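In terms of this note's numbering, the sequence shown opens at residue 7 and continues consecutively.
Here the structure comes first, spelled out in structure tokens, and everything after it is commentary.
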Amino acid sequence: MKRLLAFLVILLELGLVPLEGTADVTEDLRFIQSLRSRRLFRLAEYQCELALQRPGLSTGDKAVLTVQFLETLNEHALYAEVGRRTACWQRAQELTSSFEKDHEETDGSLVVRLSGVKVLVEQGKILREEAELTLLATRSSSSLWDEMMKPSRTVLRKAGEQLKALRDEIARSLRRAQKVTETDGLPLGEQQLLSLEKQAQFWTALAACELARTYPAGSEDYLAMLNDAASNLRGLSELPLDHPLGFPARLYYADVNRLLGQKEAAWKILAGLDDEQLSKDRQQELLAGRLQWATTFEEEQLAKTLFERAMTVEVSLSPPLAFAMLETATWFWKKAGEKGDKSSEEWEVQIKKLVEVLRQSGSTYWTHRGELLVAHAASASASANSTTLDLYVAENAYRAGRWQEAIEAYDRVAQTAKKAGQEDVAFQCSWAAAAIAQQQSLHQEAWQRFNTLAQEFPHQAKASQAAFLALVNLGQLVAKDEKAYLALYERELRAYLDRFPRGKEAYLVRFRLAQLLEYQSRIQEAVGMYLDTLEQLPADQGGETSGSSQQGDSTSDLLQETKREEVLEKVFLGLDRCLSVLCAGTRQDFSAEARQVAQRLHAWSIVGNGDRTDQRYRLMAEERAIRLMLWECGDPVFAEKILLTRFPDPDHFWKEFRTLSNDVSSTSGWITLWLEVMAQLGREREAQYWCEQLRHLEFDVRWEWASGVTEKLSQAKPNRAQAIARWVVAAVPDFVQQYATHPQDWKVQAGLKYARLLVMANLHEDSLGWMRRLAQEFPEHGEIQENLALLLAYSDDVLLRNESLQKFQEIARRTPEGSPRWFRAKYMTAWLLHNLGRTRDAWEMLSLLETLHPDLGGEPLRGKILSLKDECQRHSPQDR
């Protein structure tokens, strides 16, 4: 490439090779250049850093390696994304400054400074060209021009100042009698310093040329800078052609003359270069320059001849030549269109081919530049009626961030394609317009566009996805204004399922509808929809459910939660929440619904069991089905049937479970499930086996399960609860020992649960002994004291009941009057007085309580107190 040609010749011209005995540096250079040729820029930069850290390097070696480092950073910036290239430029300037500081007044410093300023010129050129690309596609004013060109001007002016200072320093070095010092490891003779001066002069001309192009063509500054560049290049262009600067100086001098409007002078230079004396790469650069001259001065016949010649180039077209040919083809296409000439179709074919050449070159810069050139030509031409060229307009408007212009351009292409019967093109362009609206958070517009797309193109493969994306955007509107859109959102979700019941995204729509129903507290419907989601789940394909590579499509961002496994996880979480609400409710008919849910979960867990679906979720479904049958339906027989379907016997369980899950909590969950089933079926031997297996697990795991079962047992029938509670107690034989190792808060809650568990297991003496220990350890804890008093109250022993009476009287004295616990203590005091034969005392106490506190603590306690008072009144003697 022409822009790199001059940058790569400095070491060759100056003869700067590693000094004798520095074979390591020579090897470094080869390796770095090899990495750079393969565009492994970061590795090349890392290798430069390592080489520069090697001890014992001379100033000359350091200069050579630093120049290579700067060259690598410069080339990296040409290929890097915007954010990364800025870091490259900054690093280059830091390297230059650091070397100059460490090796001041050495010839090596002059070489590195020149390399550093070259990076600045290249930086200014890139910034100028990018600003030019943007201005090309917009109606720019002088103020906008100045604003866009300001960053480039700043850099190029800085480069010009550094070049002037560098040339002054070189001139002083030439005047010195003693050219080098003894400590300078990179001695330059007079001829090398003169060569360095020519290099600085060449880059001064390039900086001036680039700075000129940051001003409007024909302006005073524009002409002044170009004339300055011409004066510097004039002498250099007379160097022998085999001189490293001979060819690039001639080429740039011709280009400067072209920009100045010096037609004959520019052509004289270009025509004076003999192709036979040039390499293949330089022949392409020369041909590109001639094409630019021909189109600039509208030499139509010459342009055609040169274009035809370029088409016959034997080697691959370089990006600069392909771009020059594209400029020529676009120029001819516009002319033919203005005349109504049919040759415009032929030139359009050439334009398409050349854009494809640029795309295949791998150069993002040249591809973008070429597409924008065509887009500008198409948008500026009133006669343009090509979907292909209009697509360039749309794509480049999108890249430039002109969203509305891009949407309008895609709409225009879609309408043209639709009229021409190109349904696929119309669909893709309409999709792109909708996706841009979605990407820019224009959710109202995106919803309507995707919805229209799905309705107008129902036979397209992605019609269901368009309808789904319409729902995604409608969901965003719901989040902002629930009142206005929530009802519509539900209708649209259901409409999607009616139209695309087996669509690729249908299970996601069912999932969203389930979430919506749960949010609206329509719990039964939500459970059904969560189960529908499970049953309609597609087979696992090992990836995300949907996505798109369409230009401007942000589907992957908005559907980031649509991974199949994430949906499964959330479906089970939603089911757990809903079932928890239903189980905690007061409805009497939930057992029938629970049975239906359990059957559907079981059916899903065994259908398609051989596919790639994560078996963990199948186990989760079966576990929930078994627990529903056990605790909500009271059907341990069917629960066992589900259990044995998965694991026919314990040996099969252990063998299969090691394959299916390494999760300790999942393993413990299934062991406890076996124990619960066997305990409810009354199978002592099997229950004993699983109880022993459970004891091998850590205490905290066992206690967490025991706590959960204790809560469920409080709602079970006494006989059933007693049978199960006995095994739960047996599973935590080390509770008392572990109790001492836990903090106080845990002790209170766990201690109370353990006491209730002992009571449910009909181990009253153990329970009473445990509660006395708790009460002694926490004498100020009201709940513990109250629970001990209750346990004593329900004893058949009169002494224990009298002890309970004293405790409730003490609780009443120490509890704030009117609090819930105070009312409960008063009620239990009266109840115990009545049961101990002091009915009259109980009635008087309750009467006084009602007089002082008519509300009696509110329901349901008020009803219990009044009922007890009536009973005392019926059994109390009329006088004492």
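Think of the CB as a built atom: it goes at the ideal place given N, C-alpha and C, for glycine as much as any other residue.
All values reported here derive from a predicted model rather than from experimental measurement.
C-beta atoms of residue i and residue j nearer than 8 Å
i, j, result
"residue 34", "residue 59", "no"
"residue 78", "residue 101", "no"
"residue 756", "residue 731", "no"
"residue 683", "residue 727", "no"
"residue 463", "residue 496", "no"
"residue 117", "residue 165", "no"
"residue 257", "residue 290", "no"
"residue 409", "residue 446", "yes"
"residue 626", "residue 578", "yes"
"residue 255", "residue 276", "no"
"residue 415", "residue 431", "no"
"residue 589", "residue 532", "no"
"residue 130", "residue 158", "yes"
"residue 473", "residue 505", "yes"
"residue 845", "residue 881", "yes"
"residue 460", "residue 469", "yes"
"residue 784", "residue 754", "yes"
Buried/exposed call for residue i, threshold 16 Cβ in 10 Å
i, result
"residue 207", "buried"
"residue 92", "exposed"
"residue 195", "exposed"
"residue 321", "exposed"
"residue 790", "buried"
"residue 864", "exposed"
"residue 875", "buried"
"residue 803", "exposed"
"residue 231", "buried"
"residue 825", "exposed"
"residue 188", "The pLDDT assigned to residue 188 is 42, lower than 50, so where the model puts this residue is not dependable, and the model offers no usable value."
"residue 643", "exposed"
Check: residue i C-beta below 7 Å from any heavy atom of the ligand FMN
i, result
"residue 366", "The model on display carries no ligand, and the ligand FMN is accordingly not part of it."
Among the options, the one whose alpha carbon lies nearest that of residue i
i, options, result
"residue 836", "90, 719 and 813", "813"
"residue 455", "744, 794, 433 and 467", "433"
"residue 280", "292, 601, 470 and 471", "292"
"residue 887", "604, 376, 262 and 227", "This structure cannot settle anything about residue 887, because the visible part of the chain is limited to 7 through 886."
"residue 678", "710, 654, 652 and 648", "710"
"residue 747", "810, 222 and 705", "705"
"residue 760", "801, 715, 782 and 749", "715"
"residue 604", "418, 586 and 635", "635"
"residue 124", "151, 75, 87 and 153", "75"
"residue 376", "352, 353 and 331", "331"
"residue 283", "249, 197, 483 and 689", "249"
"residue 517", "222, 540 and 68", "540"
"residue 493", "251, 698, 829 and 525", "525"
"residue 42", "95, 180, 69 and 82", "82"
"residue 719", "278, 459 and 762", "762"
"residue 211", "229, 266, 235 and 334", "235"
"residue 68", "47, 46 and 30", "30"
"residue 676", "633, 859, 587 and 686", "633"
"residue 315", "304, 808, 427 and 296", "296"
"residue 303", "273, 286 and 777", "273"
"residue 350", "334, 149, 364 and 300", "334"
"residue 173", "202, 217 and 758", "202"
"residue 197", "56, 311, 214 and 179", "179"
"residue 530", "797, 487, 848 and 587", "587"
"residue 641", "598, 441 and 658", "598"
Cβ-Cβ separation, residue j to residue i (assumed contact under 8 Å), whole Å
i, j, result
"residue 65", "residue 112", "6 Å"
"residue 499", "residue 515", "6 Å"
"residue 681", "residue 700", "6 Å"
"residue 444", "residue 477", "About 12 Å; that fails the 8 Å criterion."
"residue 742", "residue 712", "Contact flag wrong, Cβ pair sits at about 14 Å."
"residue 600", "residue 639", "5 Å"
"residue 870", "residue 855", "In fact, because the Cβ distance is near 12 Å, the residues do not count as touching under 8 Å."
"residue 437", "residue 483", "Actually they do not touch by this definition, with Cβ atoms about 20 Å apart."
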